[in-house]
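Worksheet: one structure, shown below.
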Amino acid sequence: MTAAVDARFRASVGEGEGAFSVEVEFTLERGVLVLFGPSGSGKSLSLQAIVGAVRADRGSLAVLGETVFDVERAIDVPSHRRRIGYVPQHHSLFPFCSVFENVVFGLPRTHRRTVSRETHDLIEELGIGHLRSAMPGTLSGGERQRVALARALAVGPRLLVLDEPFASIDRQGKTELLGMLKALLTRRNLPALLVTHDPSEARAVGDTVVTFERGRSLRQTSVDALADAP
Amino acid sequence: MEDPFFPVFLSLRVALTAMVFVVPAGIALAWLQASRAHRFRGFVDGLVLLPMVLPPSVIGFFLVWLFGRRGLFGHALNGLGVRLIFTPWAAVLASATVALPVLVKAAQPAMETVPRELLVVGRSLGLAPVEVFFRVVLRGAWRGVATGIVLAFVRAIGEFGATLMFAGNIPGRTNTMTIEIWSAYQGGDESRALSYVVVLTALGLATVFLSARIAPSPSRPR
Numbered sequence: 001m002t003a004a005v006d007a008r009f010r011a012s013v014g015e016g017e018g019a020f021s022v023e024v025e026f027t028l029e030r031g032v033l034v035l036f037g038p039s040g041s042g043k044s045l046s047l048q049a050i051v052g053a054v055r056a057d058r059g060s061l062a063v064l065g066e067t068v069f070d071v072e073r074a075i076d077v078p079s080h081r082r083r084i085g086y087v088p089q090h091h092s093l094f095p096f097c098s099v100f101e102n103v104v105f106g107l108p109r110t111h112r113r114t115v116s117r118e119t120h121d122l123i124e125e126l127g128i129g130h131l132r133s134a135m136p137g138t139l140s141g142g143e144r145q146r147v148a149l150a151r152a153l154a155v156g157p158r159l160l161v162l163d164e165p166f167a168s169i170d171r172q173g174k175t176e177l178l179g180m181l182k183a184l185l186t187r188r189n190l191p192a193l194l195v196t197h198d199p200s201e202a203r204a205v206g207d208t209v210v211t212f213e214r215g216r217s218l219r220q221t222s223v224d225a226l227a228d229a230p
Numbered sequence: 231m232e233d234p235f236f237p238v239f240l241s242l243r244v245a246l247t248a249m250v251f252v253v254p255a256g257i258a259l260a261w262l263q264a265s266r267a268h269r270f271r272g273f274v275d276g277l278v279l280l281p282m283v284l285p286p287s288v289i290g291f292f293l294v295w296l297f298g299r300r301g302l303f304g305h306a307l308n309g310l311g312v313r314l315i316f317t318p319w320a321a322v323l324a325s326a327t328v329a330l331p332v333l334v335k336a337a338q339p340a341m342e343t344v345p346r347e348l349l350v351v352g353r354s355l356g357l358a359p360v361e362v363f364f365r366v367v368l369r370g371a372w373r374g375v376a377t378g379i380v381l382a383f384v385r386a387i388g389e390f391g392a393t394l395m396f397a398g399n400i401p402g403r404t405n406t407m408t409i410e411i412w413s414a415y416q417g418g419d420e421s422r423a424l425s426y427v428v429v430l431t432a433l434g435l436a437t438v439f440l441s442a443r444i445a446p447s448p449s450r451p452r
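Line order of the protein sequences matches chains A and B.
Position 34 of the first sequence, counted from 1, bears residue number 34 in the working numbering, the numbering being contiguous throughout.
Position 67 of the second sequence, counted from 1, bears residue number 297 in the working numbering, the numbering being contiguous throughout.
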């Protein structure tokens, strides 16, 4: 069976004393892989390389069997053609667009004016139907991330990556969102990578976990092993 | 007697033509400086800033030195039958030189405030880099860019020193409003000078009002 994600690469940022690099090695067969570890361990930099915001120094990444980049073979699919949905922790919405405009932002121009059945269903599924004309500045943290999730899913990605999307949401909102995310991914059979340093988040959504420490991905285990960790 | 409206229309034509070059070049330069930590960032920054800190006569001298009949590029242009010096095009070039840094310095900080995450999100949604620029960067920074365009236009229409040196004071050909004010005042025709002073002051006040309305501020979205 083709793995959903096969990542073996090194990526770096900064220069001189501020330089930081991460060595990544993991495979996601299906479901949700949690990139787990303390702040500064290289989780987010790994995601940046996967979405194409940072170029890898060496190694390769394949999504659903298709090479996304392979430094040694000089293959590098531009980030806008990777079909990898991205939900960041901060600044997740376009502040100059309403909720609806945000959701349809990545759709072809002709699909942006009228609501297709799929978009309508997605908006309802995420419980943001009543917020369509609201501006991002008026939304709560949880509502903002629901909109960001709807927008990422609306364009039909083949992989979803989420960089600590629930970090600034209250506990109740987080629990609700985690359940919703899990259901959405399962229903769509969509593989996902989730960065978090919160074990409860990892357990709620993840199937497998890869632990990061000091710029390296160490071991890949089932999410239950993480649950048993002290 | 020369048409009193000629300097007004010439100034508008010169400033608008200068803006045709300044707007795309200024926006592209601002984005280049805002988006990348390239090796020549400091050099480009200095080059862009130079016309803001140099006296207008020095800018005029450089323009003559570069584009004059025997200038560095002027000589070659002359060979092609193109003469810039003492033409309205010289006034355009002088205006564009002083207006460009005004636009870059207003647009660049506005573009820098567009969060990097939004650019990554834009690309992840399938937007090509040029679409990300127009739909995310320019839309997010439009207030700063628009303010820059307004201020650059006013700087272009108000250019005097470099224009006088490079385009000269040829009535009916290169006498823009600012040159006409100086010329009329020198000739003792204060009322003629005053009429152009009024036009330029009104334009300045309108600019102050307009830029205050559109400039980014913490109390309103960018």
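Cβ atoms here follow ideal geometry from the backbone N, Cα and C, with glycine treated the same way.
- Within the same chain, A324, G391, A392, T393, L394, M395 and F396 come within 8 angstroms of G290(B) by CB-CB distance, once the 5 residues on both sides are set aside.
- With respect to G378(B), A337(B) sits close: the two C-beta atoms are nearer than 7 angstroms.
- In the structure shown, F439(B) adopts helical secondary structure according to DSSP, grouped into three states.
- Residue contact with chain B for A53(A): present (Cβ-Cβ distance below 7 angstroms to some residue of chain B).
- Listed in chain order, the non-local C-beta contacts of R266(B) below 8 angstroms within the same chain number zero, local neighbours out to five positions each way being set aside.
- Residue state for G85(A) is assigned as strand, using DSSP reduced to three classes.
- The shortest C-alpha to C-alpha distance from I169(A) to any of R144(A), K43(A) and L160(A) is the one to R144(A).
- Using a CB distance below 9 angstroms, the part of the region 55-88 of chain A facing chain B consists of P78, S79, H80, R81, R82, R83, I84, G85, Y86, V87 and P88, ordered along the chain.
- For the region 9-38 of chain A, the continuous beta strand (DSSP E) assignments of 3+ residues that do not extend past its boundaries occur at 20-28 and 32-36, in sequence order.
- Here A306(B) is exposed: its Cβ has fewer than 16 other Cβ atoms, across all protein chains shown, within 10 Å.
- Here G106(A) has R151, A154 and V155 as same chain residues with Cβ atoms under 7 angstroms from its own Cβ, once five neighbours each way along the sequence are excluded.
- Residues of the same chain with their beta carbon placed closer than 6 angstroms to that of S140(A) are lacking, with the five preceding and five following residues left out of the count.
- Selection S421(B), I409(B) and T431(B) evaluated against F236(B) yields I409(B) as nearest (Cα-Cα).
- Annotation: Cβ neighbours of V155(A) in chain B (cutoff 8 angstroms, chain order): L355 and G356.
- Under a 10 Å Cβ-count criterion, N189(A) is classified as exposed, with fewer than 16 other Cβ atoms of the shown protein chains found around its own Cβ.
- In the three-state reduction of the DSSP assignment, E389(B) falls in the coil class, being assigned neither a helical nor a strand state.
- The secondary-structure analysis by DSSP pairs V63(A) across a beta bridge with V5(A) and E66(A).
- Per the DSSP secondary-structure output, L162(A) pairs in a beta bridge with V87(A) and L194(A).
- Straight-line spacing of the CA atoms in A258(B) and V334(B) works out to 9 angstroms.
- Setting aside the 5 residues that flank it on each side, T196(A) is surrounded in the same chain by V34, F36, E164 and A202, each with a C-beta closer than 7 angstroms to its C-beta; the list follows chain order.
- Sequence-ordered contacts of the region 362-375 of chain B with chain A read V362, R365, V366, R369, G370 and W372 [C-beta pairs closer than 9 angstroms].
- Taking a Cβ-Cβ cut-off of 8 angstroms, the neighbours of P345(B) in chain A comprise H90 and H91, given in sequence order.
- The continuous alpha helix (DSSP H) containing L185(A) extends over residues R171 to R188.
- Nearest in C-alpha terms to G206(A), of all of L185(A), V104(A), G215(A) and T138(A), is L185(A).
- By the CB criterion at 7 angstroms, V54(A) and G215(A) fall outside the cutoff.
- Beta-bridge partners of V51(A) (DSSP): none assigned.
- Taking a beta-carbon distance threshold of 7 angstroms, F20(A) does not count as an interface residue toward chain B.
- Under the three-pair Cβ rule at 8 angstroms, the region 353-360 of chain B counts as touching the region 66-82 of chain A.
- In the DSSP annotation of this structure, the continuous segment of the alpha helix (DSSP H) that includes R112(A) starts and ends at R109 to R113.
- Among the bridge pairs identified by DSSP, V209(A) is matched with V34(A) and T221(A).
- F105 and G106: these are the residues of the region 99-115 of chain A whose beta carbon lies less than 7 angstroms from some beta carbon of chain B, given in chain order.
- When DSSP reads this structure, D76(A) sits in a beta bridge with F69(A).
- Leaving aside the five residues that flank F363(B) on each side, the residues in its chain whose CB is nearer than 7 angstroms to its CB run, in chain order, W261.
- In this structure L218(A) does not touch T208(A) by the C-beta definition: roughly 13 angstroms separates them, more than the 8 angstroms allowed.
- A contact is defined here as three or more CB-CB pairs under 8 angstroms, and the region 340-354 of chain B meets this definition with respect to the region 366-376 of chain B.
- Collapsing the DSSP output to three states places D121(A) in a helix.
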